[in-house]
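A.B. asks: With the first letter of the sequence shown counted as 1, position 73 gets the number 63 in my numbering; the numbers rise by one all the way through.
Beta carbons are placed, not taken as given, at the ideal position from N, Cα and C, and that holds for glycine.
The structure displayed is predicted, hence computed values, not measured ones.
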Amino acid sequence: MTGRQGPALSRRSLIGAGLGISAAGLTAAGTGQALAAGSTGTRPSSGPARGHAFLAAAMDAHPDHGRIRLTQSYTDQAGLFSTAFTYDNALAILAHLAARTPAGLTRAKALGDALLYAQDHDPAHDDGRLRQAYNTGPYTFYDGSLQPDGFVRADGTANIGTQFGFTGTAVGDMAWAGIALSALARRTGTRRFLTGAVRIGEWIERTGRTDEPLGGYKFGVDGANQKLPFTSTEHNTDLVCLFGQLALLTGDRVWRERRARAEAFVKRMWEPSGGFFYTGTNDGVTVNRSPIPEDTQTWTHLALDSHRHSRSLDWVAAELAVLDHSGRTNSAVPAGQSYEGVTFSSASLLANEGAPIADGQPRPDRNGVWFEGTAHLALALRDRGARGDEARARRLLASIEQAQDLLGGTQTVGGRELPERAGVVSASSPLDTGFGFGYYPYRHTGATAWYLMAAARFNPLQA
């Protein structure tokens, strides 16, 4: 989630918070060593095949804990145990659909049904919401307490990620879940997926709609169900897609009005002199002018398909470009390797390399490559198709594929070895986003899913 300056309980702002992950541990996690002999499965031949093998392994990480399950978001070494973020699982659904295979469709439907289960079996609410994250398998927490259940608890409720405080509901997470369910409804013609997406849209309308001067839809609620004051360009971009899909699938004109409201907010964040979008607003009146994030530029292109605003891709390519290598301060990249791509935001390039990203975290590398965002840009460039865009996208994809080959070896999910060279790490080195949290070299469902969609030229944000 971007556009949050304040105590918002967002998908991203809590990743890695207070986990006490050491810099030495991160360096070991990113050494690029090959998996030990006896790794599971055969080696898929292509980068996308290995990416899909990772998604399958992360989804099947806890086979003894129920048929209804979600995909574990990060490898075990990230310290988040079996956490399954709603956003990451929405992306996994879309990546499985992008494969256009029977196996991919089967997995996408299973994950869609798990999100519907979470909607119907929340322990406290019956209003269509989803939480920031869930547990999808058992573990022993840092304080020694046991979390014994899979995704479905013994009492039948969905297993919310309370240990890390992942109990709030953000409009962006909800929107992506709705986009994924809408895509399933289109692909399968199955009514239950559309019903779930409509419930999500209605929750967003009830909870997020604001009549503040800048308009749009606000952030969502925290774990205590208190509304949060921020309004995010990223969130409203997501809603342009979700509400547009619901308008097409239901035929109800009310979704067109809601789409127009979200789109109007996004366009109010446009800075024509610089050719980029601002992150959002804290109070509905004043635009936040710094930091400027990557996804606010690329997702707007993917959702709006606006020639007028497509300069935002050039801004990202010019202003957020990074090259990471072992000679960089605090780099975790092994000797002899280098990675190009983009970083998270304008503030990432100014991070204090002499101080930890957060308590218990390593120091950042200003040139750490954010591979999820690099995949955003590759897909958006392919979608725009201007002179030189395809060549630039291919270079970015090659960097991501090299990272899949060489970074994050020996990492596991659910205590199980991964297929060899499968899954893309979040970042090449510890990376400070500028929004109070970081990304690290751990294989990640979200980064892998975006890579797969970019490789397949699959735009998830077009209705």
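What do you reckon, is the C-beta of Q62 under 6 Å from a heavy atom of the ligand COA?
C.D. replies: In terms of ligand content, the structure shown is empty, and the ligand COA therefore cannot be addressed.
A.B. asks: T223 lies in the alpha helix (DSSP H); which residues open and close that run?
C.D. replies: Going by DSSP, T223 is part of the alpha helix (DSSP H) stretching over T223 to T240.
A.B. asks: Please list, in chain order, all residues of the same chain as R243 whose beta carbon is under 8 Å from its beta carbon, the five residues on each side excluded.
C.D. replies: A237, listed in sequence order.
A.B. asks: If the criterion is Cβ atoms closer than 7 Å, does the pair V414 and T438 meet it?
C.D. replies: yes
A.B. asks: Taking C-beta to C-beta, are A123 and I58 nearer than 7 Å?
C.D. replies: no
A.B. asks: For L171 versus F154, is the C-beta spacing smaller than 7 Å?
C.D. replies: Not closer than 7 Å, so no.
A.B. asks: Closest by CA to L387, which one among G405, Q401 and W360?
C.D. replies: W360
A.B. asks: Measure the alpha-carbon distance for Y429 versus I194 and round it to whole angstroms.
C.D. replies: C-alpha separation (whole angstroms): 28 Å.
A.B. asks: May I ask you to verify whether the stretch 331 to 344 touches the stretch 403 to 414, counting CB pairs closer than 8 Å and requiring at least 3?
C.D. replies: no
A.B. asks: For the candidate residues E192, L101 and T147, whose alpha-carbon lies nearest to that of L81?
C.D. replies: For the set E192, L101 and T147, the Cα lying nearest the Cα of L81 is the one of L101.
A.B. asks: Go ahead and pull the three-state DSSP assignment for H86.
C.D. replies: helix
A.B. asks: Quick check on the burial criterion: 16 or more other C-beta atoms within 10 angstroms. Buried or exposed for G398?
C.D. replies: Classified as buried, G398 has 16 or more neighbouring CB atoms from the shown chains inside 10 Å of its CB.
A.B. asks: With H291 as the anchor, note down where its beta strand (DSSP E) starts and where it stops.
C.D. replies: First-last for H291: D285 to L294, but that is the alpha helix (DSSP H), not the beta strand (DSSP E).
A.B. asks: Among the candidates T269, M164 and T240, whose CA atom is the shortest distance from the CA of R121?
C.D. replies: Ranked by Cα distance from R121, the first of T269, M164 and T240 is M164.
A.B. asks: Quick one: residues in its chain with C-beta nearer than 6 Å to the C-beta of D73, no 5 flanking neighbours on either side, listed in chain order?
C.D. replies: The residue asked about is misnamed: residue 73 is Thr in this sequence, not Asp. Counting only Cβ-Cβ distances below 6 Å, and skipping sequence neighbours, we find S63, A123 and G151.
A.B. asks: For D422, is the classification buried or exposed, using 16 other Cβ atoms within 10 angstroms of its Cβ as the cut-off for buried?
C.D. replies: buried
A.B. asks: Using DSSP bridges, identify the partner residues of E407.
C.D. replies: T402
A.B. asks: If contact is defined by three or more beta carbon pairs under 8 Å, each pair taking one atom from either stretch, is the stretch 184 to 193 in contact with the stretch 110 to 118?
C.D. replies: Contact between the stretch 110 to 118 and the stretch 184 to 193 is present, because at least three Cβ pairs lie under 8 Å.
A.B. asks: Using DSSP with H/G/I as helix, E/B as strand and the rest coil, what is V332?
C.D. replies: strand
A.B. asks: Output yes or no for whether 7 Å exceeds the beta carbon distance between R374 and S300.
C.D. replies: yes
A.B. asks: By DSSP, does R377 sit in helix, in strand, or in coil?
C.D. replies: coil
A.B. asks: Here's a check: name, in chain order, each residue in its chain whose Cβ is nearer than 7 Å to the Cβ of A18, leaving out the five neighbours to either side.
C.D. replies: At A18, the pLDDT of 36 sits below 50, so the modelled position is not reliable and the matter cannot be decided from this model.
A.B. asks: Indicate whether the contact test is met: 3 or more Cβ pairs, each with one atom in the stretch 264 to 283 and one in the stretch 433 to 452, closer than 8 Å.
C.D. replies: no
A.B. asks: Kindly list the residues whose CB is nearer than 8 Å to the CB of A175, restricted to its own chain and excluding five residues on each side of it in sequence; keep chain order.
C.D. replies: R181, F183, L184, A187 and L239
A.B. asks: For H315, report the span of its beta strand (DSSP E) as first-last.
C.D. replies: A311 to H315
A.B. asks: Roughly how many whole angstroms lie between the Cα atoms of G56 and A144?
C.D. replies: Spanning the two alpha carbons is a distance of roughly 11 Å.
A.B. asks: Here's a check: name, in chain order, each residue in its chain whose Cβ is nearer than 7 Å to the Cβ of G213, leaving out the five neighbours to either side.
C.D. replies: Correct list, in chain order: L(-1), G155, T157 and G158.
A.B. asks: Quick one: any contact between the stretch 313 to 328 and the stretch 354 to 369, if contact means 3 or more CB pairs under 8 Å?
C.D. replies: yes
A.B. asks: Please state the DSSP three-state secondary structure of Q392.
C.D. replies: helix
A.B. asks: Which one of N125, A68, P53 and A39 has the shortest CA to CA distance from N79?
C.D. replies: Sorting N125, A68, P53 and A39 by C-alpha distance to the C-alpha of N79 places N125 at the top.
A.B. asks: Going by CA-CA distance only, name the one from G162, E261 and S263 that's closest to D228.
C.D. replies: D228 has its Cα closest to that of G162, out of G162, E261 and S263.
A.B. asks: Relative to the alpha-carbon of G179, which residue among V142, G264, K99 and A368 has its alpha-carbon at the smallest distance?
C.D. replies: K99
A.B. asks: Consult DSSP for H115 and reduce its assignment to one of helix, strand or coil.
C.D. replies: Secondary structure at H115: coil, using DSSP grouped into helix, strand and coil.
A.B. asks: Going by Cα to Cα distance, which pick from F233, M259 and V256 is closest to E247?
C.D. replies: F233
A.B. asks: Does the separation of the CB atoms of T269 and T223 fall below 7 Å?
C.D. replies: yes
A.B. asks: Going along the chain, which residues of its own chain have a beta-carbon closer than 7 Å to the beta-carbon of D54, five neighbours each way excluded?
C.D. replies: none
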